[in-house]
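Colleague: In our numbering, the protein residues as written are -3 to 234. Note that beta-carbon positions come from the ideal geometry of N, C-alpha and C, so glycine has one too. Treat the numbers as computed from the prediction; the structure is a model and nothing was measured. Take a look at the following structure, please.
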Amino acid sequence: MADLKSMRFFQSPDHGCSYLEGVDATTIFADPEQPITTTDYTALSQLGFRRSGPYLYKPNCKSCDACVPVRIPVNAFTETRRYLRIRKKNKDLTTRISEPHDSDQVWRLYEDYINNRHADGDMFPPSRTQLLDFLVKGRPEARFVEYHLEDVLIAVSVMDQLDDSLSAIYTFFDPDHDHRSLGSLAILDLIQRTRALGFRYLYLGYWIAESRKMAYKATFLPQERLTTAGWELITRHN
């Protein structure tokens, strides 16, 4: 059992929100200089913390509670016809799990994705150092799920394996294959993988109702959202 009372945390100064324009945000970080075990990380995830690179963080904004932690109770999840169609049109892909790496193929895929999908965000312009710091030099729990069309890498899903759950960290893909709905496919596969491991939950990070980029997370139902009263089961999209 994790002893979070002995852990050190610090809070950032106010900074611009990455998701809501014109909104100031503050963030709590677990001190990365202290040892943080997988059990600690698991307990922090249950409290709504998220990973970015080596950092475990949680929004702690003074006048905003828009960032809502979301997780999927995988044994209750049933694939809809839409999700079955996504699987069908991706039958020609093969997957491979690997240690995080920054091969030329991974770097080119990441660069194209950021340039085409997030040129208006704080991750633009992409750099190899950014890729390393954000996704490769993270935590020992991290793995890449690679999607290949024949011998060409077209998507990478980054996941963390915790004590009782998986956490979906990030997905990037070839923009030319946008019609495949690779982001949704990656979540469907992680739900399946979570079940196969005998785990209960897949963490999806934060959902923000006002953010169009976050809207897809609300479609994976049922899901649980963390409120001040604890994890609340949501069965319908609202």
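For Pro121, count the other beta carbons within 10 Å of its own beta carbon; 16 or more makes it buried, fewer makes it exposed. Which is it?
Modeller: With fewer than 16 other Cβ atoms within 10 Å, it is exposed.
Colleague: Using the Cβ count rule (16 or more neighbours within 10 Å means buried), how would you classify Ser8?
Modeller: With fewer than 16 Cβ atoms within 10 Å of its Cβ, Ser8 is classed as exposed.
Colleague: Are at least three pairs of beta-carbons, each pair with one atom in the region 174 to 191 and one in the region 21 to 29, less than 8 Å apart?
Modeller: With the cut-off at 8 Å, the region 174 to 191 and the region 21 to 29 do not touch.
Colleague: Where are the alpha helix (DSSP H) runs, 4 residues long or more, that stay fully inside the region 84 to 152, in chain order?
Modeller: Runs of the alpha helix (DSSP H) inside the region 84 to 152: 100 to 113, 124 to 127.
Colleague: Looking at the structure shown, is Pro9 part of a helix, part of a strand, or coil, going by DSSP?
Modeller: Coil, per DSSP.
Colleague: What number of angstroms, rounded off, separates the C-alpha of Leu105 from the C-alpha of Gly49?
Modeller: If I take the Cα positions, the gap works out to 18 Å.
Colleague: Determine the contact status of Ala21 and Pro65, defining contact as a CB-CB distance below 8 Å.
Modeller: Not in contact: Ala21 and Pro65 (Cβ atoms no closer than 8 Å).
Colleague: How would you call Glu142, buried or exposed, if buried means at least 16 neighbouring beta carbons within 10 angstroms?
Modeller: By the neighbour-count rule (16 or more Cβ atoms within 10 Å), Glu142 is buried.
Colleague: Can you say whether Ile93 is buried or exposed, counting buried as having 16 or more other CB atoms within 10 angstroms of its CB?
Modeller: The residue in question, Ile93, is exposed, as its Cβ has fewer than 16 Cβ neighbours within 10 Å.
Colleague: Under the three-state reduction of DSSP, which class applies to Asp174: helix, strand or coil?
Modeller: DSSP places Asp174 in helix when its eight states are reduced to three.
Colleague: Which partner residues of Thr223 appear in the DSSP bridge assignment?
Modeller: Paired residues: Gly226.
Colleague: Sorted by chain position, which residues of the same chain lie with C-beta nearer than 6 Å to Leu40's C-beta, five sequence neighbours on each side aside?
Modeller: Excluding positions up to five away in sequence, the list reads Leu52.
Colleague: Out of curiosity, what's the CA-to-CA distance linking Asn112 and Asp(-1)?
Modeller: Computed Cα separation, rounded: 43 Å.
Colleague: Helix, strand or coil for Arg189, going by three-state DSSP, please let me know.
Modeller: Three-state DSSP puts Arg189 in a helix.
Colleague: In this structure, how does DSSP classify Arg232 when only helix, strand and coil are distinguished?
Modeller: Coil at Arg232, not helix or strand.
Colleague: Among Asp108, Leu162, Leu149, which has the Cα closest to the Cα of Pro69?
Modeller: Nearest C-alpha to Pro69: Leu162.
Colleague: With a 10 Å radius around its C-beta and 16 neighbouring C-beta atoms as the bar for buried, classify Gln219 as buried or exposed.
Modeller: Gln219 should be labelled buried.
Colleague: For my contact list, Leu89 and His175 are in at a C-beta cut-off of 8 Å; report their separation, rounded to the angstrom.
Modeller: Wrong, their Cβ atoms sit about 13 Å apart, outside the cutoff.
Colleague: Identify which residue in Arg46, Tyr109, Trp203, Ile187 has its Cα closest to the Cα of Ser123.
Modeller: Among Arg46, Tyr109, Trp203, Ile187, the Cα nearest to that of Ser123 is on Tyr109.
Colleague: Could you tell me the alpha carbon to alpha carbon distance between Leu198 and Asp10, rounded to whole angstroms?
Modeller: So the alpha carbons of these two residues sit roughly 30 Å apart.
Colleague: What did DSSP end up calling Gly179 once you bin it into helix, strand or coil?
Modeller: It is helical.
Colleague: Given a threshold of 16 other Cβ atoms within 10 Å of its Cβ, counted over all protein chains shown, does Asp118 qualify as buried or as exposed?
Modeller: Exposed is the call here.
Colleague: Could you check if Thr38 is buried or exposed, using at least 16 other CB atoms within 10 Å of its CB as the buried criterion?
Modeller: Counting Cβ neighbours within 10 Å, Thr38 comes out buried, since at least 16 surround it.
Colleague: Of the residues Ser14, Gln30, Glu17, which one's Cα is nearest the Cα of Phe236?
Modeller: The question about residue 236 has no answer, for the chain in this structure spans -3 to 234.
Colleague: Expressed to the nearest angstrom, what Euclidean distance is found between the alpha-carbon atoms of Glu107 and Ile82?
Modeller: If you take the alpha carbons of Glu107 and Ile82, they lie about 25 Å apart.
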